[in-house]
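To keep things clear, I will list the structure first and then write my remarks on it.
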Amino acid sequence: MIAVHEAVLLRRRQNKQRDLKAYTASGGLTALAKAHSIGPEETVRILTDSGLVGRGGAAFPAGRKWESVRTAADPTRYVVLNTDESEPGTFKDRVMIESDPFMVLEGLLIACYAVSASCAYIYVRGEYGGIAELLERSLDELRRAGHLDGIAPGGRPLPVEVRHGGGAYICGEETALFRSIEGYRGEPMAKPPFPTVAGLFRKPTVVNNVETMANVPDIIAFGAKTLRSRGTERSPGTKLFSVSGHVARPDTYEVPFGTPLKELLELAGARADDLQAVLLGGAAGTFVFPKDFDLALSYEGVAERKATLGSGAVIAFDRQTNLWQVAERLGRFFAHESCGQCVPCRVGTRRQHEMLETLANGHGRGDERSLLLRLSQVMTDASICGLGQTAATAVRSLMDAESAGLLAH
Amino acid sequence: MPEPDAAVMNRVRTLIDETGSERTQLLEVLHKVQAEFQHIPRAAAEAIEQAMNVPVADTYGVVTFYDLLTERPVGRSVLRICEDVPCCLHGSEELAREAEQRLGPEGQPSADGAVSWTRCACLGLCDRAPAALYEEKPLAPLHHQDIASIGDRRA
Ligand SMILES: Cc1cc2nc3c(=O)[nH]c(=O)nc-3n(C[C@H](O)[C@H](O)[C@H](O)COP(=O)(O)O)c2cc1C
Ligand code: SF4
Ligand code: FES
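These protein sequence lines are chains Y and Z, in that order.
Each residue of the first sequence is one higher than the one before, counting from 1 in this note's numbering.
Each residue of the second sequence is one higher than the one before, counting from 1 in this note's numbering.
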């Protein structure tokens, strides 16, 4: 059976019109109006009760984040829309914005209103120039129609700044992103303090992923139960997945949480039987082999199999693919993208890449696997941020699969 | 002919006036300088020091951190070929080798300064692999023919 492709977030994807008139004609901006009428506290309460968790990778409850900032002692607060999307195999935020820029922006405006933000920042990766322009244009329409009025404290119009990243994967990490907006090298900072306490310019800050923000308008408009009509008890709602690699129809797919991986692959036109494996969750994800293709795409479903949804990237590999060559590319990515601030990651990602190169070329001395394992432990334990901590995750899952005799090469 | 330092500094001062002279605007200013001069010339960093109060060394610290900013000139048009996994599965490495043959060494502009090419990390266009950006716009999937016609445009 093929899963129903549940277009909730992407429901306007086929519409030709992307202007504000078309958006409001199809029910857009009623959620923002409702937020204004029920007030910030009630708005955040609905979000908390909805069970929405962040879609940027860490799966943190969105309502809790907003509530800490809403109730912060410091009256200067910010909201940041994380549009840095740079995880290899991930393009769902781009498709989300291309399909429905106003839905994402309405979520952002509701967030700003709910936490009384002084200013909103949209940090768009430098390579997404077209997306940044689309967002600027859509913001202009909202501004001209008066929808930014009354959102900032004191009923003032909300200032929104679109910022362009410089081409650095690490700037998707929230504290690195703040440094980048502030005009510095995008080097992550140790947490705590968390962004909700001391974020952008050391002020309480909400930072959310594009897909998280896109979920907000329906939740506010239709109530706290909105997500629960789809997905599972512990992972309510739908999820966007970027499917690429050896599939007939690479694309972004929206499915309810809990959909079996196999059905997602079939939606993308892959014959699950022909595949050797998929990499689930991006460069820091895990390899999943056909014996586990029944796994349920929900937070609890992947946890059960020691996998991760990560950024929602699904890269499929046929039986001809040498997965050690894939691992070499992942290793190269991390070595290039490490910000270099801490030694375990700066040196570790380079050593890891060198060993993966050897293994990909089939020239191993024999001790690479045990060295990789020790290295992965050091990087996981001693790195400052998520990049170094997870740079060996995929490699470790590949070694496990190799021991279990699952590789075709 | 490289532009005289005074002209560069004047132009950068104008860009800073348009963008804002607070430190938080540094990356936006640098993007504009890079677009205009294909790199961040020393004179630009000096203008930034005077107008934005960011030391030259600090500016280069930022420049070297970000892939889209460079210390040395790149081509007026840059071809970026993605080298990450989904694109690799669709032949990006062969395309990079083709680019090397037709357009010269990676990162080095042609004699007339028109074109350079470079490998890059995932562009978020994996559904259209093998992906590239040319003049900041998606060129995906990238074909051998695209590289040939880019090569024909340079001296
Ligand atoms: C190395 C690294 C890269 C990240 N890249 C992104 C990214 O591109 N986009 C994103 O939304 N979150 C990214 N994150 C997660 C952010 O730090 C942050 O958790 C997220 O933006 C919060 O939004 P959410 O709660 O809506 O998920 C990254 C984290 C790490 C450690
Ligand atoms: S773990 Fe890596 S990316 Fe993160 S701060 Fe350390 S060096 Fe930088
Ligand atoms: S891997 Fe090439 S665009 Fe994503």
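Ideal Cβ positions, reconstructed from N, Cα and C, are used throughout, including at glycine.
In this text, all values refer to a predicted model and were calculated from it rather than measured experimentally.
MET1/Y, buried or exposed, once every other Cβ within 10 Å from all chains shown has been counted against 16: Within the first sequence, residue 1/Y is the residue found at index 1, counting from 1. Confidence at MET1/Y is low in this model, with a pLDDT of 37, below 50, so its placement is unreliable and the value that follows should be read with caution. In the assembly as shown, MET1/Y is an exposed residue. Its beta-carbon has fewer than 16 other beta-carbons within 10 Å.
For PRO256/Y, the first and last residue of its enclosing beta strand (DSSP E): Residue numbering aside, residue 256/Y sits at position 256 when the first sequence is read from its first letter. Unbroken beta strand (DSSP E) run through PRO256/Y: 251-256.
Of the residues SER138/Y, ASP100/Y, SER50/Y, LEU32/Y, the one placed nearest GLN14/Y, counting alpha carbons only: Residue mapping note: residue 14/Y aligns to position 14 of the first sequence, counting from 1. Sorting SER138/Y, ASP100/Y, SER50/Y, LEU32/Y by C-alpha distance to the C-alpha of GLN14/Y places ASP100/Y at the top.
Cβ-Cβ distance between ALA270/Y and ALA296/Y below 8 Å: Counting from 1 along the first sequence, the entry for residue 270/Y is found at position 270. Counting from 1 along the first sequence, the entry for residue 296/Y is found at position 296. Not in contact: ALA270/Y and ALA296/Y (Cβ atoms no closer than 8 Å).
Beta strand (DSSP E) segment containing ILE170/Y, residue limits: The count along the first sequence starts at 1 and reaches residue 170/Y at position 170. Unbroken run through ILE170/Y: none, as it is neither H nor E.
Closest Cα partner of ARG119/Z within the set ARG153/Z, ASP127/Z, LEU68/Z: In the second sequence, the residue the question calls residue 119/Z occupies position 119. Out of ARG153/Z, ASP127/Z, LEU68/Z, LEU68/Z has the C-alpha closest to the C-alpha of ARG119/Z.
Interface residues of chain Y facing VAL26/Z [CB-CB closer than 7 Å]: Taking the second sequence and counting its residues from 1, the one referred to as residue 26/Z is at position 26. In the sequence as presented, Val is not what sits at residue 26/Z; that position holds Leu. Result: GLY183.
Which of helix, strand or coil DSSP assigns to PHE222/Y: As a first step, residue 222/Y is located in the first sequence; it is residue number 222 there, counting from the start. Residue state, collapsed to three classes: helix.
Residues near MET399/Y in its chain [Cβ-Cβ closer than 8 Å; skip 5 each side]: Along the first sequence, read from residue 1 onward, the residue named residue 399/Y stands at position 399. Around MET399/Y: ARG369, LEU372, LEU373.
ILE315/Y: contacting residues in chain A (beta-carbon distance under 9 Å): Considering every chain present, this structure includes no chain A. Its protein chains are Y and Z.
Within chain Y, partners of PHE37/Z - CB distance below 7 Å: For the purposes of this step, residue 37/Z is identified with residue 37 of the second sequence, where counting begins at 1. Going along chain Y, no residue has its Cβ under 7 Å from PHE37/Z, so there is no contact; the nearest lies around 16 Å.
CB contact below 8 Å: PRO290/Y versus chain Z: Within the first sequence, numbered from 1, the residue matching residue 290/Y stands at position 290. Chain Z has no Cβ within less than 8 Å of the Cβ of PRO290/Y.
Minimum C-alpha distance to TRP66/Y - residue among ALA168/Y, ALA382/Y, LEU323/Y, PHE194/Y: Numbered from 1 along the first sequence, position 66 holds the residue referred to as residue 66/Y. The alpha carbon of TRP66/Y has as its nearest neighbour, out of ALA168/Y, ALA382/Y, LEU323/Y, PHE194/Y, the alpha carbon of PHE194/Y.
ASP251/Y at chain Z interface by Cβ criterion, 8 Å: Start at 1 with the first residue of the first sequence, and residue 251/Y comes out as number 251. Contacts with chain Z at 8 Å (Cβ-Cβ) include ASP251/Y.
Closest Cα partner of LYS203/Y within the set ASN209/Y, ALA33/Y, GLU182/Y, ASN215/Y: Indexing the first sequence from 1 puts residue 203/Y at position 203. Residue GLU182/Y is the option with its Cα nearest to LYS203/Y.
Meets three-Cβ-pair contact criterion under 8 Å: the region 34-53 of chain Z and the region 151-165 of chain Y: Flag = no, the region 34-53 of chain Z and the region 151-165 of chain Y do not touch.
Spatial neighbours of ALA114/Y in its chain, beta-carbon cut-off 8 Å, leaving aside the 5 residues before and after: Your numbering for residue 114/Y matches position 114 in the first sequence. Within the same chain, ALA114/Y has close Cβ partners ALA35, PRO40, THR43, VAL44, LEU47, TRP66, ARG70.
is_contact[LEU108/Y, chain Z] using C-beta, thresh 8 Å: Locating residue 108/Y in the first sequence gives position 108, counting from the first residue. Not closer than 8 Å to any Cβ of chain Z, the Cβ of LEU108/Y fails to qualify, so no.
Opposing strand residues paired with PRO236/Y [DSSP bridges]: In the first sequence, the residue the question calls residue 236/Y occupies position 236. Paired residues: GLY231/Y.
Residue from TYR66/Z, ILE147/Z, CYS126/Z whose Cα sits closest to the Cα of GLU28/Z: Here residue 28/Z refers to the residue found at position 28 when the second sequence is read from its first residue. Nearest of TYR66/Z, ILE147/Z, CYS126/Z to GLU28/Z, Cα basis: TYR66/Z.
HIS31/Z burial status per 10 Å Cβ neighbour count (16 or more: buried): Your numbering for residue 31/Z matches position 31 in the second sequence. With 16 or more Cβ atoms within 10 Å of its Cβ, HIS31/Z is classed as buried.
Beta carbon proximity, GLY285/Y to chain Z, threshold 8 Å: Within the first sequence, residue 285/Y is the residue found at index 285, counting from 1. No, GLY285/Y lies away from the interface with chain Z (no Cβ there is under 8 Å from its Cβ).
Against chain Z: residues of the region 74-89 of chain Y by CB proximity under 9 Å: Going along the region 74-89 of chain Y in chain order, one finds GLU85, SER86, GLU87, PRO88, GLY89 with a Cβ nearer than 9 Å to chain Z.
Cβ-based burial, ASN53/Z [other Cβ within 10 Å; buried from 16]: Within the second sequence, residue 53/Z is the residue found at index 53, counting from 1. By the 10 Å Cβ count, ASN53/Z comes out exposed.
Residue-chain proximity (LEU123/Z, chain Y), Cβ-Cβ < 8 Å: Position 123 of the second sequence, counting from 1, holds the residue named residue 123/Z. So, interface residue.
N- and C-terminal bounds of the beta strand (DSSP E) containing ASP318/Y: Taking the first residue of the first sequence as 1, we reach residue 318/Y at position 318. Bounds of the beta strand (DSSP E) holding ASP318/Y are 313-318.
Segment limits, alpha helix (DSSP H) that includes LEU309/Y: Counting from 1 along the first sequence, the entry for residue 309/Y is found at position 309. Run containing LEU309/Y: none; DSSP gives neither H nor E here.
Heavy atom of ligand 2 within 7 Å of SER383/Y beta-carbon: Within the first sequence, numbered from 1, the residue matching residue 383/Y stands at position 383. A heavy atom of ligand 2 is found nearer than 7 Å to the CB of SER383/Y.
Residues near ILE128/Z in its chain [Cβ-Cβ closer than 8 Å; skip 5 each side]: Taking the second sequence and counting its residues from 1, the one referred to as residue 128/Z is at position 128. The residue asked about is misnamed: residue 128/Z is Arg in this sequence, not Ile. The answer, listed in chain order, is PRO138, ALA140, PRO141.
Beta carbon proximity, ASP67/Z to chain Y, threshold 8 Å: For the purposes of this step, residue 67/Z is identified with residue 67 of the second sequence, where counting begins at 1. ASP67/Z counts as touching chain Y.
Proximity test, Cβ basis, 8 Å: VAL197/Y and chain Z: Indexing the first sequence from 1 puts residue 197/Y at position 197. Taking Cβ atoms only, chain Z never reaches closer than 8 Å to VAL197/Y, which makes this a no.
CA-to-CA distance, MET9/Z to VAL62/Z, given in whole angstroms: Numbered from its first residue, the second sequence carries residue 62/Z at position 62. Numbered from its first residue, the second sequence carries residue 9/Z at position 9. VAL62/Z and MET9/Z have their alpha carbons spaced roughly 19 Å apart.
Closest by C-alpha distance to ILE220/Y, when choosing among ARG12/Y, GLY27/Y, LEU20/Y: Position 220 of the first sequence holds residue 220/Y. Looking from the CA of ILE220/Y, the closest CA among ARG12/Y, GLY27/Y, LEU20/Y belongs to GLY27/Y.
Outcome for ASP58/Z when other beta-carbon atoms lying within 10 angstroms are tallied against a minimum of 16: Taking the second sequence and counting its residues from 1, the one referred to as residue 58/Z is at position 58. Flag for ASP58/Z reads buried.
Cutoff 8 Å: TYR123/Y Cβ touching any chain Z Cβ: For this step, residue 123/Y is matched to residue 123 along the first sequence. Contact of TYR123/Y with chain Z is not assigned, every C-beta pair being separated by 8 Å or more.
Inter-residue Cα distance where the pair is ALA198/Y and PRO109/Z: Position 198 of the first sequence holds residue 198/Y. Position 109 of the second sequence holds residue 109/Z. Between the C-alpha atoms of ALA198/Y and PRO109/Z there is a straight-line separation of about 43 Å.
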